[in-house]
Every structure is written in C-alpha cells, then in structure tokens.
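In terms of the working numbering, the sequence shown opens at residue 1 and continues consecutively.
Everything below concerns the one structure shown next.
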Amino acid sequence: MLLEAPERRLGLDSGLESCLREVYGPRTDRVLSAMTATPSKYYFRINTLKAERDTIIRAMKASGLHAEADMQLADAAFLRPRPSKVETDGVIVEANRFAAEAVQLGAHLYAPGVRRCHGLRPGMRVTVVHGNGTPVGSGISHQSETSILTYRQGVAVEIKDSRTGLPSIMETPWYSDGQIHLQSLPAILTSHILDPKPGETVVDLNCAPGGKTSHISQLTGNQARVIGFDRNTRKIEKAKKLMRRMGCTNYQLISHDSRYVHRDCNIKADRALVDPPCTALGVVPKLAADTTVQNVENSADYQKQFLTAASHITKKQGTIVYSVCTITKEECEDVIGFAETQLGLTLEEQFPMLGEHGFDHAHLTQRFNPDTHETGYFIAQFTKN
1 MLLEAPERRL GLDSGLESCL REVYGPRTDR VLSAMTATPS KYYFRINTLK
51 AERDTIIRAM KASGLHAEAD MQLADAAFLR PRPSKVETDG VIVEANRFAA
101 EAVQLGAHLY APGVRRCHGL RPGMRVTVVH GNGTPVGSGI SHQSETSILT
151 YRQGVAVEIK DSRTGLPSIM ETPWYSDGQI HLQSLPAILT SHILDPKPGE
201 TVVDLNCAPG GKTSHISQLT GNQARVIGFD RNTRKIEKAK KLMRRMGCTN
251 YQLISHDSRY VHRDCNIKAD RALVDPPCTA LGVVPKLAAD TTVQNVENSA
301 DYQKQFLTAA SHITKKQGTI VYSVCTITKE ECEDVIGFAE TQLGLTLEEQ
351 FPMLGEHGFD HAHLTQRFNP DTHETGYFIA QFTKN
C-alpha cells in the first residue's frame, strides 16, 4: 500500500511546494517529511547571568529530567523527546495550530489557543487535538467552556502527557527563576555569531519576545548598551518581563516600528541584529502549513525593510546579523542578495558553523535544514562598509 505523500499530509500549498523543490531538488520529499517529525533533541539556553550549566543539568537529572549538555555551544542544553501515543478517552478540546504545536512539545493549553471545547467543565479529563484531528496531548481542564470562550485568559488545560513525551519546561523552577530559556540551537547560535562585546551599543531591531535580546545581555555580562525595538506595545511589555526574569539590566526596549529607526532615532550601533517576522517553515514538528507563495513574497519584502534600517544605523565596519526560522530561498538567500547589491553590505564567514553552507554564491551563509538538522533556520553575517 502506498503511503500518503508527505506534502499532502502537511497540507502544503502547491506553489510553495514548487518553490521548495527549486531549493532542495531531489531531497525535497525528505525535507517535507522531516517538517512533521519529532526532533530527537529539544533545546534550551542556560542563562549564565544566574546559573552554571552543569549545576542546572545535575538539578534536572535529580528531578527525573534527562537533560544533556550540547557539545558545541557552552550555554546550550537539551532534553530528548520520548514520543508516545496520546490517550483519547477524554473530552475533546480543539486547539488552533500554534497552540496545538506547543502542546505536543509539553506546553499547557492556554485559553486564547482554544478553538472548541463543547461542554467542558473544570476537572474533566481532556484530549487536546489539532483541527485535523491529530491528538497532541491529554490532561485536566482548569476552566469551563464559558470561562474559556468569554475571558480568553489563563490555563485552559493542564497537560499531563504530550505527543512528544516532553514536560512543560515553562512550569519548572529553573524557567520561572530565569535560569533557563527555551530556544532552538540555531536561535542560540545566532547571538554567538553576532558576538556582542562589553561597552558596545547593540541594537535588536525585532526584540520581542526577548529571547535573543536577553542572550545579548547575557553574553556581554550586562556590560553593553542593548536597545530593542518592536512596534507592538504589548509585546514590548512581555519582553520587559522576560528581561527582568533573566536578570538583564543593561537594556532599553522601545515600542517603535524599527523599519524607520534610522529616520526617527539618533542611534549608531556597533552591532545590529535583524531577526524579522517570517513564514516560520523551519519550526518543527508541524501539524499543518497554511503558508502560501504570496506570504513568502510579502515576508521577504518586509524583511528587506528591516535590513535597510540596520544598514543605516550601524557604524562603518560594524556587524549586522540576519536570521530567520524559515527555509525559502526568497526569505533567505534572495534577501541576502538584496543586502549585498542594494545596501552595499559585505557578507562574511561565520563562526561557529554548525549547520550547512547556504546557497549564496560564496556559500558564506549558514542553513539548518529539516532533513539533516531536524529544524529549519538561516543565518547571515555582514560587515557595514
């Protein structure tokens, strides 16, 4: 019997599939299949402003969590998922795609992520499913249907068992105390490639939710001037909470559309990070993908605007790092081509190189691809001339 094609299981737009086939050629089917698979490692960052990695790992192991140190980055560690079948004998609660993908990684289901919860009352055994019917986790309800759909806040379902077998890391004392932060390996790597130094002015043009911004503070020992931008005030407030939780003190977070920061603010940065919104096709495991070619093109145009702003505010011979958690050529190598030809930025070799060389002409960019790295990500480093 023939298995259903992986791109159909993912629900991929036919135009987008064609774009990915241009990038990956004969390995495309492996890439599409890997986008739905559970990765073998679930990464988090150790916040060295507050803790040492070995101490955290020992404490996690003592509590029954099998944490391991990454051998390549000194502040990265991971847990190994243990995929399991989710019990389906509970009341069905349907989550939206983003919430369902979080639940399968061990997160609790919060009220804003609930799509349907007919007849739900507190204390019921619950099976959380994605809209396509896939069970992603099971647990106990904390709220009624009326409360969830009326107030849209708080934990709706406390997840006891997830599809990946991962615990809710955000409920651990290490997370609440700011000693760890959930980040993928390439996201952690991005800040190392930026390589911020004490005494420098470092600008994060897309700072919310604060993961990389707090990492910049960590890497500089709170001894740099860190400025972060996001035009959404609520996101800025959430990022501030994260920065405080992580023990960061050397930052200024500003609610402003950073595409225009070079016009509206008098800033000269030694280093700038551009980590703009993208189609997030590299975030795995995926339950579905509703991205279209038009989404990709719109994202690429948007991303170029942030890079343009970064090129204006960065000092001569300063460093600009561009990163996105996606895998389309339009949002990756094509944006880099724009930065070189239209902005006059010089692409540089990266250290460390943990992924594969990208498809740019000089192969100086870094790609993480789902079929070989169990995640999708892209990083480029420039010098401002």
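Think of the CB as a built atom: it goes at the ideal place given N, C-alpha and C, for glycine as much as any other residue.
Problem set entry | Selected residue, minimal CA-CA separation from residue 278, among 16, 259 and 332 | Start at 1 with the first residue of the sequence shown, and residue 278 comes out as number 278. Distances from the CA of residue 278 to each of 16, 259 and 332 were compared; the closest alpha carbon is that of 332.
For this session: Report the three-state DSSP secondary structure of residue 140 (helix, strand or coil).
Result: Locating residue 140 in the sequence shown gives position 140, where the first residue counts as 1. The answer is strand: DSSP assigns residue 140 an E or B state.
For this session: Tell me the start and end of each unbroken alpha helix (DSSP H) in the segment 124 to 172 that is at least 4 residues and wholly inside, in chain order.
Result: 145 to 151
Problem set entry | Beta-carbon proximity check, residue 341 vs residue 383, cutoff 8 Å | The count along the sequence shown starts at 1 and reaches residue 341 at position 341. The count along the sequence shown starts at 1 and reaches residue 383 at position 383. Taking the C-beta atoms as reference points, residue 383 is found no nearer than 8 Å to residue 341.
Problem set entry | C-alpha distance - residue 70 paired with residue 220, whole-angstrom precision | The residue given as residue 70 occupies position 70 in the sequence shown. The residue given as residue 220 occupies position 220 in the sequence shown. Going by the C-alpha atoms only, they are around 21 Å apart.
Exercise. Would you say residue 267 and residue 227 are within 8 Å of each other, going by their C-beta atoms?
Worked result: Along the sequence shown, one-based indexing puts residue 267 at 267. Along the sequence shown, one-based indexing puts residue 227 at 227. Yes, the pair counts as a contact, with Cβ atoms nearer than the cut-off.
Problem set entry | Any 3 or more C-beta pairs closer than 8 Å across the segment 82 to 98 and the segment 108 to 126 | yes
Exercise. Which one of 82, 97, 147 and 192 has the shortest CA to CA distance from residue 133?
Worked result: Residue numbering aside, residue 133 sits at position 133 when the sequence shown is read from its first letter. Of the candidates 82, 97, 147 and 192, the one whose C-alpha sits nearest the C-alpha of residue 133 is 97.
Problem set entry | For residue 158 and residue 141, the rounded distance between their alpha carbons | Here residue 141 corresponds to residue number 141 of the sequence shown, with the count starting at 1. Here residue 158 corresponds to residue number 158 of the sequence shown, with the count starting at 1. Near 6 Å, if we compare the C-alpha coordinates of residue 158 and residue 141.
For this session: Would you kindly check if the distance between the Cβ of residue 198 and the Cβ of residue 218 is under 8 Å?
Result: The residue given as residue 218 occupies position 218 in the sequence shown. The residue given as residue 198 occupies position 198 in the sequence shown. No, the Cβ-Cβ distance between residue 218 and residue 198 is not below 8 Å.
Exercise. By DSSP, does residue 303 sit in helix, in strand, or in coil?
Worked result: Position 303 of the sequence shown, counted from the start, is the residue given in the question as residue 303. If DSSP states are grouped into helix, strand and coil, residue 303 belongs with the helices.
Exercise. How long is the line joining the alpha carbons of residue 207 and residue 144, rounded to whole angstroms?
Worked result: Along the sequence shown, one-based indexing puts residue 207 at 207. Along the sequence shown, one-based indexing puts residue 144 at 144. Approximately 35 Å, taken between the alpha carbons.
Exercise. Rounded to a whole number of angstroms, what is the C-alpha to C-alpha distance between residue 255 and residue 230?
Worked result: Taking the sequence shown and counting its residues from 1, the one referred to as residue 255 is at position 255. Taking the sequence shown and counting its residues from 1, the one referred to as residue 230 is at position 230. Spanning the two alpha carbons is a distance of roughly 5 Å.
Problem set entry | the segment 296 to 311 touching the segment 236 to 244, judged by at least three CB pairs closer than 8 Å | no
Exercise. Which ranges does the alpha helix (DSSP H) cover as unbroken runs of at least 4 residues, wholly within the segment 52 to 97, from first to last along the chain?
Worked result: DSSP runs (the alpha helix (DSSP H)) wholly in the segment 52 to 97: 53 to 62.
For this session: Please name the residue in 105, 366, 63 and 99 whose C-alpha comes closest to that of residue 81.
Result: As a working note, residue 81 is residue 81 in the sequence shown. It is 105.
Problem set entry | Sub-8 Å separation of residue 245 and residue 137 beta-carbons | Taking the sequence shown and counting its residues from 1, one reaches residue 245 at position 245. Taking the sequence shown and counting its residues from 1, one reaches residue 137 at position 137. No, Cβ-Cβ distance for residue 245 and residue 137 is not below 8 Å.
Exercise. Hey, residue 261 and residue 322 are a contact pair by Cβ (cut 8 Å); roughly how many whole angstroms apart?
Worked result: Here residue 261 refers to the residue found at position 261 when the sequence shown is read from its first residue. Here residue 322 refers to the residue found at position 322 when the sequence shown is read from its first residue. With a Cβ gap of about 16 Å, residue 261 and residue 322 do not count as contacting.
Exercise. Is residue 193 closer than 8 Å to residue 379 when the C-beta atoms are compared?
Worked result: Along the sequence shown, read from residue 1 onward, the residue named residue 379 stands at position 379. Along the sequence shown, read from residue 1 onward, the residue named residue 193 stands at position 193. A contact, by the Cβ cut-off of 8 Å.
Exercise. Who pairs with residue 273 in a beta bridge, going by DSSP?
Worked result: Counting from one through the sequence shown, the residue named residue 273 turns up at place 273. Note: residue 273 sits in a beta bridge opposite 204 and 321.
For this session: Check the C-beta distance from residue 205 over to residue 258 and give it rounded, since I have them as a contact under 8 Å.
Result: Locating residue 205 in the sequence shown gives position 205, where the first residue counts as 1. Locating residue 258 in the sequence shown gives position 258, where the first residue counts as 1. Confirmed, Cβ separation roughly 4 Å.
Exercise. Hey, residue 94 and residue 131 are a contact pair by Cβ (cut 8 Å); roughly how many whole angstroms apart?
Worked result: Within the sequence shown, numbered from 1, the residue matching residue 94 stands at position 94. Within the sequence shown, numbered from 1, the residue matching residue 131 stands at position 131. Residue 94 to residue 131, Cβ: 6 Å. Contact.
For this session: Kindly give me the distance between the Cβ atoms of residue 34 and residue 348, rounded to whole angstroms, as I take these residues to be in contact under 8 Å.
Result: Residue 34 sits at position 34 when you count from the first residue of the sequence shown. Residue 348 sits at position 348 when you count from the first residue of the sequence shown. About 29 Å separates the two Cβ atoms, so there is no contact after all.
Problem set entry | Terminal residues of the alpha helix (DSSP H) in which residue 214 lies | Counting from 1 along the sequence shown, the entry for residue 214 is found at position 214. Note, residue 214: alpha helix (DSSP H), 211 to 219.
For this session: Starting from the C-beta of residue 329, find all residues in its chain whose C-beta is less than 8 Å away, skip the five residues before and the five after it, and write them out in chain order.
Result: Working through the sequence shown from its first residue, we reach residue 329 at position 329. For residue 329, where only same-chain residues beyond five positions count, the Cβ hits under 8 Å are 19, 22, 23 and 359.
Exercise. Which class does residue 106 belong to by DSSP, given the choice of helix, strand or coil?
Worked result: Taking the first residue of the sequence shown as 1, we reach residue 106 at position 106. Coil, per DSSP.
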